[in-house]
Amino acid sequence: MAQKEDVFKKIVSHAKEYGFVFPSSEIYDGLGAVYDYGQNGVELKNNIKRYWWESMTLLHENIVGIDSAIFMHPTIWKASGHVDAFNDPLIDNKDSKKRYRADVLIEDEIAKIEEKIDKEVAKAAKRFGDSFDEAMFRQTNGRVLEHQQKRDVLHSRYEKAMNDNDLKELRQIIEDYAIVDPISGTRNWTDVRQFNLMFKTQMGSSADATMDVYLRPETAQGIFVNFLNVQKTGRMRLPFGIAQIGKAFRNEIVARQFIFRMREFEQMEMQFFVRPGEELNYFNYWKEARLKWHKALGMGDEKYRYHDHEKLAHYANAATDIEFQMPFGFKEVEGIHSRTDFDLSQHEKFSGKKIQYFDPELNESYTPYVIETSIGVDRMFLSVLCSSYEEQQLEGGDTRVVLHLPKALAPVKCAILPLVKKDGMPEKAREIMDMLKFDFACQYEEKDSVGKRYRRQDAIGTPFCITIDGQTVEDNTVTLRDRDTMQQERVAISELPRIIGEACSLNNLLKKLV
Ligand code: GAP
């Protein structure tokens, strides 16, 4: 566990050192849970977004995109339920004056018990070696069973309190399990209160004409309120989808785990409108399709799992998360929800406008049902970064840090490196750069030894390094170094676009999805 936390810390500092992610407003000591993307980060992020956007809009003839405004009429958030129910239970410690999410404090307590179980298992595995039967050990070891029972009792109390929205019981659990503030170490807690996560601001300039508006906490509502606009102007027939990528804002109480939980983040959401009664077929279709999208990146099939929701929101009839194995455990990266006709019906009710679809095949009008796929760009970015990061021990005692990024997502596809700054090599290198730059993100580097330049490119995940040497000037060949294997091969300059294109092509990635 400690080792995994160390790796995560290293990933966070690597992200900063190599221009992927910076803390926001850093020269003013930062702003909690807000981050900026640097020169490499923005390219990686844009590639993730392109992969998603094209998988939706190019590969599905019946999915179109929109880009709705962040500000929307405040009644939208009343209709969607966010004004009344988009809350987190919070608790303050009177000594440290720090605020916590009550549910997170309890979840941390559950995680501590699970850690104890894992430690027992790890100890036994070491003791018994190859003959160790983990499943049997977990079922029979007295100490493990004791911890497991404690965990299960706590978990079911916690789950019930959350489902019943029982703030008193959450407070009681914190009391009963003697949960202390990690900073003050005391149990001097306030009551648990509800805290709405939406950011509010005013629109308008004169005091009497201002209106309270919210920064949207999800992009989905921008799609729902444009359902008729898109359906009519695009002459869309059910089933069809509307995709959108955009910023969302949540005043998260607990800012943790780097870009995993942010106050300003980006979502890629798609609402798929279907005939009532057909929604569960489409739910299963999207559940599979979205996992396939993740797995096509080649980051390891074993790093994903579904988490089907047992307790559903009152308007949903199916929901699942796609979780990814982060260094801090399996965590939700994407949600797939069957939201019935809740959102469109609510907007019909609150706006007083009819929001229905006339189905020419059935010759009747109805409110479509909706399957939503919703993925956080930043969480996707984090999963790519975490699974790509590797510290390698090389022969001869040397080490390197390499990002094995999926090649189609890498911020820079190839580095162009003249071996020395003379003998016509820089000029030749520039010629190659001019040939490749229209199709690939290239970086030209001539400073430092070629070994140091290779390391810098490994650290940002550049799939190929092209080295221009004395022979290049004579026969128009270069050495092409592969990031992952570090193998070098001599290839003709004229072959470069084909080789790099095949390896880094987004189209080839998209072709895996059909
Ligand atoms: N429209 C549905 C919706 O917003 P959600 O589960 O609240 O559902 C969807 O959010 C996705 O947005 C999550 O799976 C996660 O990837 C991302 N997300 C949510 N809150 C986030 C936060 N505070 N920071 C970063 N990403 C977040």
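Quick note on the numbering used here: the sequence shown kicks off at 2 and runs consecutively. The beta-carbon is built from N, C-alpha and C at its ideal position, and this holds for glycine as well. Please read these numbers as outputs of a predicted model, since none were measured by experiment.
By a beta-carbon distance limit of 8 Å, glutamate 121 contacts arginine 144. Their separation comes to about 6 Å. Beta-bridge partners assigned by DSSP to tryptophan 190: Asn94. For aspartate 322, the enclosing beta strand (DSSP E) stretches over residues 319-327. In terms of side-chain proximity, the C-beta atom of methionine 57 is found no nearer than 7 Å to any non-hydrogen atom of the ligand GAP. In this structure, the alpha-carbon of asparagine 227 lies about 13 Å from that of lysine 355. Note: isoleucine 467 is bridge-paired with Ile417 and Leu481 in the DSSP secondary-structure output. For glycine 247, there is no enclosing alpha helix (DSSP H); the enclosing beta strand (DSSP E) has its first and last residue at 241-250. Note on threonine 76: under 16 other CB atoms within 10 angstroms of its CB, so exposed under the neighbour-count rule. Within the region 285-371, the complete alpha helix (DSSP H) segments of 4 residues or longer fall at 343-352, listed in chain order.
Around the beta-carbon of histidine 338, 16 or more other beta-carbon atoms lie within 10 Å, marking it buried. The Cβ-Cβ distance between valine 385 and leucine 418 does not fall below 8 Å. In the three-state scheme derived from DSSP, where H, G and I count as helix and E and B as strand, valine 515 is classed as coil.
Sorting Phe329, Glu373, Glu333 and Lys332 by C-alpha distance to the C-alpha of aspartate 342 places Glu373 at the top.
Taking each of His315, Pro240 and Gln150 in turn and checking the Cα distance to asparagine 282, the smallest one comes out for Pro240.
Just so you know, the alpha carbons of alanine 314 and aspartate 89 end up roughly 15 Å apart. Beta-bridge analysis with DSSP links phenylalanine 273 to Gly242 and Ile372. Counting along the chain, the unbroken beta strand (DSSP E) around threonine 400 starts and ends at 400-404. Here proline 277 is exposed: its Cβ has fewer than 16 other Cβ atoms, across all protein chains shown, within 10 Å. Taking a C-beta distance under 8 Å as the contact criterion, valine 35 and arginine 264 qualify as a contact pair. Annotated three-state conformation of leucine 216 is strand, per DSSP.
Per DSSP, glutamine 40 is one residue of the alpha helix (DSSP H) stretching across 40-58. The beta carbons of arginine 457 and threonine 468 sit no closer together than 8 Å. DSSP places alanine 70 outside both helix and strand once states are collapsed to three, so it counts as coil. Excluding residues up to 5 positions away in sequence, Pro75, Lys201 and Gln203 lie with their Cβ nearer than 7 Å to the Cβ of aspartate 213 in the same chain. Between methionine 434 and aspartate 470 the beta-carbon gap is near 16 Å, outside 8 Å, which marks them as no contact. Looking at the DSSP output, methionine 204 shares a beta bridge with Met212. In this structure, the CA atom of aspartate 153 is about 10 Å from the CA atom of leucine 146.
Counting only the Cα atoms, phenylalanine 23 lies some 5 Å from lysine 17. Distance from the Cα of isoleucine 243 is smallest, within the candidate group Ala249, Phe250 and Gly235, for Gly235. Within the DSSP secondary-structure output, cysteine 443 pairs in a beta bridge with Cys415. The shortest C-alpha to C-alpha distance from alanine 460 to any of Cys505, Trp53 and Leu406 is the one to Leu406. In the structure shown, glycine 452 falls within a helical segment according to DSSP collapsed to helix, strand and coil. A straight-line Cα-Cα distance of about 38 Å links glutamate 115 and glutamate 44. Counting other Cβ atoms within 10 Å of its Cβ, glutamine 245 reaches 16 or more and is therefore classed as buried. DSSP places glutamine 232 inside the alpha helix (DSSP H), whose first and last residues are 228-234.
About 5 Å separates the CB atoms of arginine 484 and proline 464; that is less than 8 Å, so the two are in contact.
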